[in-house]
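Chains as they are written, first to last, in this note's numbering: chain A, 1 to 231; chain B, 1001 to 1231. Just so you know, even glycine gets a beta-carbon here, dropped at the ideal spot from N, CA and C. Worksheet: one structure, shown below.
Number of protein chains: 2
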Amino acid sequence: MLTACSTIGVAHEERIDACHSAPRSEQLSGTGTVPAVVMSYAADERVFGQGMPRRFVYKVKSGVVRTFTLLGDGRRQIDAFHFPDDVFGLELNDDHSLSAEAVAATQLLVFQRSLIDRAAENNCAMAQELLSLTGRTLERTRAQVVLSRRSAIERLANFLLNLGSRVGTETSVDLPMSRYDIADYLGLTIETVSRMLSELERIDAIVLTTTRHIVFRDRVKLTVLSNPPMG
Amino acid sequence: MLTACSTIGVAHEERIDACHSAPRSEQLSGTGTVPAVVMSYAADERVFGQGMPRRFVYKVKSGVVRTFTLLGDGRRQIDAFHFPDDVFGLELNDDHSLSAEAVAATQLLVFQRSLIDRAAENNCAMAQELLSLTGRTLERTRAQVVLSRRSAIERLANFLLNLGSRVGTETSVDLPMSRYDIADYLGLTIETVSRMLSELERIDAIVLTTTRHIVFRDRVKLTVLSNPPMG
DNA sequence: CGAGCGGTTGAGGCCCATCAACAAGGGTGG
DNA sequence: CCACCCTTGTTGATGGGCCTCAACCGCTCG
């Protein structure tokens, strides 16, 4: 059992410094362990902010995290949602180029960046792990670019299927995030997200039992919409 | 001097196998050298194709390369343009998820993937190099996602400035690629690209001396358009 | 000279953003 | 427990930006 650490009221990463629980060895991804502590975050609580020194690397233990960039006009581009076992906070630079917030109540494994970097310098397996993680992130981001050229309903169908495969069952999925989050992730407005969900319901592809719970009624329709028309 | 190899008429990577010139040690990026051969490509010639086994890694010696994915409806999403010293063909999987073609007459340094992978397994510096290259690619791709939310003229202004910083002078830039390429890169149509170039000319931000040569007349206007309104 | 390609420009329509109003929860304090 | 408020989500009306279709221009090449 890991020692949890929940210092309420201290912002951002300073909270982690204030946490005196004993680190335990944890896997970042495949092989090899690095000391880590567990931190708890409330919904909408900040994990780190754009421009801050990048001192830690995170792995989701439970809950959901969003990483995003704030644009000059105040708009927000959500880069990714991170679900259990996902690693985030890995970047090339010494400062964060993204911000991260908990979407819902979340527990994170927190690794010292310096320890990970040092491990990667002496241990090729760790370096390969980092490369693999970054490569996977790159793949997802490329998929985002391709998706961003498609229509609103197609983007939404794709999003629901992906979400379902991560945190849903065969027949349904709970949306951990708000319409606002979905809109900022897909590059749409909340109104369009809402309209397209209604449209998906109208064509009997899904049923919205509540605003946050979606039942897949016709996966084929979703898949047809989601897939680049041929491949 | 490197031995150049130009076997005309043999498609894709088979050409490289047919090349019997002696490999020479070349830098992939920072430190460390790996044997490589030089290959020449004519404009629009294929370098590798989506789905093919990923046997080589490439570095641009001269010219320009585009990497892209073909969508099911026949549309083409250009992922990136690669200029001299850029490395491409590095991916996570064993098969290419992208295709690559020369935009203009191009010379490439070709590295055996197996040699690079082996080097990364035994030499952490090489693994770090790959990580660094992938990280940089990720940054660029993220910038693409953010850009894709902005207006046509803003995307184009951004594109011209970036291109200018890569292959242009203080005051002008030659476009190595067609309107079609630009459109597929920015997620626009060729008509919109053309209209926005005309618009940039109308507001005296640029001058099109020929269809492929652009003079920067007012860099500030371009920068204002290019930048996310605040930061 | 005609054909074909790349590029520009115009007219019209569609998709989604915007603005606006309203409904549905979800806390809070009396 | 309920009235209230504030947030979140839905739906409608309108407009604008970009795509689509189409015509035209200039250049290159046969």
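Checklist entry - How is R1076(B) classed by DSSP in three states: helix, strand or coil? => result Position 76 of the second sequence holds residue 1076(B). Strand at R1076(B).
Item to check | For E139(A): DSSP bridge partner residues | outcome: The sequence position of residue 139(A) within the first sequence is 139, counting from 1. Beta-bridge pairing links E139(A) to no other residue.
Item to check | Beta-carbon gap between S21(A) and V37(A) smaller than 7 Å | outcome: Here residue 21(A) refers to the residue found at position 21 when the first sequence is read from its first residue. Here residue 37(A) refers to the residue found at position 37 when the first sequence is read from its first residue. In contact: S21(A) and V37(A) (Cβ atoms closer than 7 Å).
Next on the checklist: I believe T106(A) touches Y41(A) by the beta-carbon criterion, under 8 Å. Please report the beta-carbon distance rounded to the nearest angstrom.
Outcome noted: Here residue 106(A) refers to the residue found at position 106 of the first sequence. Here residue 41(A) refers to the residue found at position 41 of the first sequence. Yes, T106(A) and Y41(A) are in contact; Cβ-Cβ is about 5 Å, under 8 Å.
Checklist entry - Residues in its own chain within less than 8 Å of S1123(B) by CB, not counting five upstream and five downstream? => result As a first step, residue 1123(B) must be located in the second sequence, where it is residue number 123. Note that residue 1123(B) is Asn in the sequence shown, not Ser. If we look at N1123(B) and ignore the five residues flanking it on each side, its Cβ neighbours are G1032.
Item to check | Through-space distance from R1150(B) to I1233(B), alpha-carbon basis | outcome: Past the boundaries of the shown model lies residue 1233(B); chain B is included only from 1001 to 1231, so the question cannot be answered.
Checklist entry - Do H96(A) and F88(A) have their C-beta atoms closer together than 7 Å? => result In the first sequence, the residue the question calls residue 96(A) occupies position 96. In the first sequence, the residue the question calls residue 88(A) occupies position 88. H96(A) places its beta carbon 7 Å or farther from that of F88(A).
Item to check | Cβ pair A1080(B), T1067(B) closer than 7 Å | outcome: Translated into positions along the second sequence, residue 1080(B) becomes position 80. Translated into positions along the second sequence, residue 1067(B) becomes position 67. Contact: yes.
Checklist entry - Does C124(A) get closer than 7 Å to chain B when you measure Cβ to Cβ? => result For this step, residue 124(A) is matched to residue 124 along the first sequence. It does; some Cβ of chain B falls within 7 Å.
Next on the checklist: Less than 7 Å between the beta carbons of T1134(B) and G135(A), yes or no?
Outcome noted: Translated into the one-based positions of the second sequence, residue 1134(B) becomes position 134. Translated into the one-based positions of the first sequence, residue 135(A) becomes position 135. Yes. Within cutoff.
Next on the checklist: Under 7 Å, Cβ to Cβ, is there at least one residue of chain B near M1(A)?
Outcome noted: Here residue 1(A) is taken as the residue at index 1 of the first sequence, counted from 1. Note on M1(A): pLDDT 37, under 50, position unreliable in the model; no value is reported.
Checklist entry - What's the C-alpha gap between A100(A) and E199(A)? => result The residue you call residue 100(A) lines up with position 100 of the first sequence. The residue you call residue 199(A) lines up with position 199 of the first sequence. Their backbone Cα atoms lie some 31 Å apart in a straight line.
Checklist entry - Closest to I16(A) by CA distance: which of T171(A), V173(A), V57(A) and R219(A) is it? => result Within the first sequence, the letter at position 16 stands for residue 16(A). Per the Cα distances, V57(A).
Item to check | Other residues of its chain near E961(B): CB distance less than 7 Å, five sequence neighbours each side excluded | outcome: Because residue 961(B) is not part of the residues shown, which for chain B are 1001 to 1231, the question remains open.
Item to check | is_contact[R217(A), chain B] using C-beta, thresh 7 Å | outcome: Reading the first sequence from its first residue, position 217 is the one you call residue 217(A). Not a single C-beta of chain B is nearer than 7 Å to the C-beta of R217(A).
Item to check | Residue from D1218(B), D1184(B), V1145(B) and S1178(B) whose Cα sits closest to the Cα of L1161(B) | outcome: One-based indexing of the second sequence puts residue 1161(B) at position 161. Nearest option by C-alpha distance: D1218(B).
Next on the checklist: For a contact defined as C-beta to C-beta under 9 Å, what are the partners of R149(A) on chain B?
Outcome noted: As a working note, residue 149(A) is residue 149 in the first sequence. Identification of chain B residues near R149(A) by a Cβ-Cβ cut-off of 9 Å yields L1071, R1075, Q1077, S1148 and G1187, ordered along the chain.
Item to check | Whole alpha helix (DSSP H) elements within the stretch 13-74 of chain A, 4-residue minimum | outcome: 14-17
Checklist entry - I1206(B): which of K1059(B), D1174(B) and L1098(B) sits nearest, CA to CA? => result By 1-based counting over the second sequence, the position of residue 1206(B) is 206. Distances from the CA of I1206(B) to each of K1059(B), D1174(B) and L1098(B) were compared; the closest alpha carbon is that of D1174(B).
Checklist entry - Taking C-alpha atoms, which residue in Q1050(B), M1039(B) and G1049(B) lies nearest to I1060(B)? => result Within the second sequence, residue 1060(B) is the residue found at index 60, counting from 1. The sequence given here places Val at residue 1060(B); Ile does not occur at that position. Among Q1050(B), M1039(B) and G1049(B), the Cα nearest to that of V1060(B) is on M1039(B).
Checklist entry - Taking C-alpha atoms, which residue in V64(A), T223(A), A104(A) and R55(A) lies nearest to L92(A)? => result As a position in the first sequence, residue 92(A) is number 92, starting the count at 1. It is R55(A) whose Cα lies nearest to the Cα of L92(A).
Checklist entry - Which value, in whole angstroms, describes the spacing of the CA atoms of T211(A) and V1146(B)? => result In the first sequence, the residue the question calls residue 211(A) occupies position 211. In the second sequence, the residue the question calls residue 1146(B) occupies position 146. Answer to the nearest angstrom: the Cα atoms are 28 Å apart.
Checklist entry - So, does the CB of G1030(B) fall closer than 7 Å to a CB anywhere in chain A? => result By 1-based counting over the second sequence, the position of residue 1030(B) is 30. No, G1030(B) does not count as interfacial toward chain A.
Checklist entry - So is Q144(A) in contact with chain B if we call contact Cβ pairs under 7 Å? => result Counting from 1 along the first sequence, the entry for residue 144(A) is found at position 144. Cβ-Cβ to chain B under 7 Å: yes for Q144(A).
Next on the checklist: Between which two residues does the beta strand (DSSP E) holding I214(A) run?
Outcome noted: If you number the first sequence from 1, residue 214(A) lands on position 214. Element bounds for I214(A): H213 to F216.
Item to check | Inter-residue Cα distance where the pair is M52(A) and L98(A) | outcome: Here residue 52(A) refers to the residue found at position 52 of the first sequence. Here residue 98(A) refers to the residue found at position 98 of the first sequence. Going from the Cα of M52(A) to the Cα of L98(A) covers about 9 Å.
Checklist entry - For T192(A) and chain B, any beta-carbon pair shorter than 7 Å? => result Against the first sequence, residue 192(A) aligns to sequence position 192. Not one chain B Cβ lies under 7 Å of T192(A).
Item to check | Local Cβ density within 10 Å of E1170(B), reported as buried at 16 or more and exposed below that | outcome: Stepping through the second sequence from its first residue, residue 1170(B) is reached at position 170. So E1170(B) counts as exposed.
Next on the checklist: I'd like the list of long-range same chain contacts for H213(A), defined as Cβ closer than 6 Å, with 5 residues on each side in sequence excluded.
Outcome noted: For this step, residue 213(A) is matched to residue 213 along the first sequence. Taken in chain order, the residues that qualify are D174.
Checklist entry - To the nearest whole angstrom, what separates the beta carbons of F1216(B) and G1164(B), a pair I think is in contact under 8 Å? => result Along the second sequence, one-based indexing puts residue 1216(B) at 216. Along the second sequence, one-based indexing puts residue 1164(B) at 164. So it is a contact: roughly 7 Å between Cβ atoms.
Checklist entry - Hey, how far is the Cα of L2(A) from the Cα of R24(A)? => result The residue labelled residue 2(A) in the question sits at position 2 within the first sequence. The residue labelled residue 24(A) in the question sits at position 24 within the first sequence. Residue confidence for L2(A) is low, a pLDDT of 35 falling below 50, so the modelled location carries little weight and cannot support an answer.
Next on the checklist: In this structure, how does DSSP classify E1170(B) when only helix, strand and coil are distinguished?
Outcome noted: Indexing the second sequence from 1 puts residue 1170(B) at position 170. Here E1170(B) sits in coil by DSSP.
Checklist entry - Any idea what DSSP makes of A102(A), helix, strand or coil? => result For the purposes of this step, residue 102(A) is identified with residue 102 of the first sequence, where counting begins at 1. Strand at A102(A).
Checklist entry - Under three-state DSSP, which class holds F1159(B)? => result The count along the second sequence starts at 1 and reaches residue 1159(B) at position 159. Helix, per DSSP.
Checklist entry - Would you call A102(A) buried or exposed, if buried means 16 or more other Cβ atoms sit within 10 Å of its Cβ? => result Residue numbering aside, residue 102(A) sits at position 102 when the first sequence is read from its first letter. The residue in question, A102(A), is buried, as its Cβ has 16 or more Cβ neighbours within 10 Å.
Next on the checklist: When you compare the CB of G1009(B) with every CB in chain A, is at least one pair closer than 7 Å?
Outcome noted: Taking the first residue of the second sequence as position 1, residue 1009(B) is located at position 9. Annotation note: pLDDT 39 at G1009(B) (below 50); position unreliable, no value reported.
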